[in-house]
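Chemist: In this note's numbering, the protein residues as written are 256 to 639.
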Ligand SMILES: *Cc1c(COP(=O)(O)O)cnc(C)c1O
């Protein structure tokens, strides 16, 4: 099956020949008279049928032996870091999802796990940063918010040579556009809150394991013990969201590419960050490891932070909000929400492309860049 088919047919099996997945909110499952659990299910913090169905779907999409669903992307990341012990070292990218860095600094440092950052576009620097105690190499590509791209295969091979596990945060690309296991990575992590859920109405995460059944069992055990399980309803919503991922990501990638090309020629725009543009410094790597370039792009408004905030406020179809990957297009002035001292350019706006018509979105961005609030009229409320 191609991934656009797997998203519809790759979930767990169903009773009653129901076409849509069933939802099982039950927390507990009855024992047979002999004390056994005939379906292998006894308590939903361990295992739940609705969750198992979407876990099977995620594992087939990534091409792994299994997956473990969590109540958020950060709970999934936390479980991967929790496989480390005192004295271990982990490498994370210099441009990394903020809370992953915070997890290292604020939590695991207290437990004797050393987490350091390195520029992963610079392979010799990564090699130099490796220590005998390095057990985890954390990869995020494309990154956030500057859509930097790193070479998954080169990094995963380097990790393996040094006895470390490579984990890829595949949230931005999704398995429809990038399959890290095809590039030798060991583990994939997702915030299913973003494109996989796809409707800005659920929080979730997942860990997928390529072939190490002991590691898969350890991650599942960590979830059972620490308890960060998603509800049956959120798992059901996630499976429903994933069914349209192929359509949504194709549409968003098409619009993002068109917008990136338009913005690259715009006099009010000083830089565009999108891996699909041939001018992107890592375009060749993106072409090699991605099927398409995704629904998120960033650009810098000439004139800096104040002007960028004005442009964002003038957009009528793009809602000013954090996050990405939903059916509603979003715009965010990143420097406003990041802690001071960051490296994000002050005039940078990140766009998350939804499923609206591309030309409406383009007109909205161009009008916001060119006109005034009066010309644009009142912004539509985000609830349609
Ligand atoms: C959102 C996000 C996370 C964290 O996921 P939550 O579901 O918000 O906990 C991690 N990595 C990336 C790349 C993300 O975009």
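The beta-carbon is built from N, C-alpha and C at its ideal position, and this holds for glycine as well. None of these values were measured; they are calculated from a predicted model.
Only counting the same chain, and skipping five residues up and downstream in sequence, which positions put a Cβ closer than 7 Å to that of residue 205?
Modeler: A query on residue 205 cannot be resolved here, the shown segment of the chain reaching from 256 to 639 and no further.
Chemist: Among 534, 582, 503, which has the Cα closest to the Cα of residue 649?
Modeler: Coverage of the chain is limited to positions 256 through 639, which leaves residue 649 absent and any answer about it impossible.
Chemist: Cβ atoms of residue 347 and residue 466: under 8 Å apart, would you say?
Modeler: no
Chemist: In the structure shown, what three-state DSSP assignment does residue 575 receive?
Modeler: strand
Chemist: Can you tell me where the alpha helix (DSSP H) with residue 430 in it begins and where it stops?
Modeler: 429-432
Chemist: Hey, quick one: how far does the beta strand (DSSP E) through residue 394 stretch, first residue to last?
Modeler: In the DSSP annotation of this structure, the continuous segment of the beta strand (DSSP E) that includes residue 394 starts and ends at 389-395.
Chemist: Please name the residue in 621, 551, 505, 275 whose C-alpha comes closest to that of residue 397.
Modeler: 551
Chemist: Assuming residue 432 contacts residue 546 under a Cβ cut-off of 8 Å, what Cβ separation, rounded to an integer in Å, is found between them?
Modeler: 5 Å
Chemist: Report, in whole angstroms, the separation of the C-beta atoms of residue 568 and residue 461, which I expect to be a contact under 8 Å.
Modeler: Not a contact, Cβ separation roughly 35 Å.
Chemist: Report the start-end ranges of each alpha helix (DSSP H) in the segment 533-586 that is 4 residues or longer and not cut off at the edges.
Modeler: 538-544, 560-569
Chemist: Taking all protein chains shown into account, decide if residue 380 is buried (16 or more other Cβ within 10 angstroms of its Cβ) or exposed.
Modeler: Residue 380 comes out exposed.
Chemist: Would you say the segment 509-528 touches the segment 567-583, given that touching needs at least three Cβ pairs under 8 Å?
Modeler: no
Chemist: Which of the three DSSP states, helix, strand or coil, is assigned to residue 619?
Modeler: helix
Chemist: For residue 577, which residues from the same chain have a beta carbon less than 7 Å from its beta carbon, with the 5 sequence-adjacent residues on both sides left out?
Modeler: 587, 592
Chemist: DSSP beta-bridge partners for residue 283?
Modeler: 298
Chemist: Ignore the nearest five residues each way along the sequence and tell me which others in residue 628's own chain have a CB closer than 6 Å to its CB.
Modeler: Model confidence at residue 628 stands at a pLDDT of 43, short of 50, so the residue's coordinates are unreliable and nothing is read from them.
Chemist: So, does the segment 491-508 touch the segment 451-460, judging by three or more C-beta pairs under 8 Å?
Modeler: yes
Chemist: Terminal residues of the continuous beta strand (DSSP E) containing residue 264?
Modeler: That residue, residue 264, is in no beta strand (DSSP E); its alpha helix (DSSP H) goes 258-264.
Chemist: Who are the Cβ neighbours of residue 601 in its own chain at under 8 Å, not counting the five residues just before and after it?
Modeler: 559, 560, 563, 590
Chemist: By DSSP's criteria, residue 605 is part of a beta bridge. Which residues make up the other side?
Modeler: DSSP lists 553, 587 as partners of residue 605.
Chemist: Report yes if the C-beta of residue 525 is less than 7 Å from at least one heavy atom of ligand 1; otherwise report no.
Modeler: Relative to ligand 1, the beta carbon of residue 525 is positioned no closer than 7 Å to any heavy atom.
Chemist: Between which two residues does the alpha helix (DSSP H) containing residue 353 stretch?
Modeler: 353-357
Chemist: Taking only heavy atoms of ligand 1 into account, decide whether any of them is closer than 7 Å to the Cβ of residue 426.
Modeler: At least one heavy atom of ligand 1 falls within 7 Å of the beta-carbon of residue 426.
Chemist: From residue 476 to residue 292, what distance separates their C-alpha atoms?
Modeler: 19 Å
Chemist: Return the first residue and the last residue of the beta strand (DSSP E) that residue 348 is part of.
Modeler: 344-348
Chemist: Can we count residue 584 as close to ligand 3, meaning its CB is less than 7 Å from some heavy atom?
Modeler: You won't find ligand 3 in this model; what it holds is ligand 1.
Chemist: Let me see if you follow: with CB-CB separation under 8 Å, is residue 553 close to chain B or not?
Modeler: In the structure shown, chain B does not exist; there is a single protein chain.
Chemist: For residue 427, does the count of other Cβ atoms within 10 angstroms reach 16, so buried, or fall short, so exposed?
Modeler: Burial call: buried.
Chemist: Taking three-plus beta-carbon pairs below 8 Å as touching, is the segment 596-614 in contact with the segment 399-406?
Modeler: In the pairwise beta carbon analysis, the segment 596-614 is classified as touching the segment 399-406: at least three pairs are separated by under 8 Å.
Chemist: From 314, 272, 556, pick the residue whose C-alpha is nearest to that of residue 261; which is it?
Modeler: 314
Chemist: When DSSP labels each residue in this structure, what does residue 501 get in the three-state scheme?
Modeler: The answer is helix: DSSP assigns residue 501 an H, G or I state.
Chemist: Would DSSP call residue 444 helix, strand or coil?
Modeler: strand
Chemist: Helix, strand or coil for residue 271 per DSSP?
Modeler: helix
Chemist: Hey, residue 316 and residue 387: beta-carbon distance below 8 Å or not?
Modeler: The Cβ atoms of residue 316 and residue 387 do not sit closer than 8 Å to each other.
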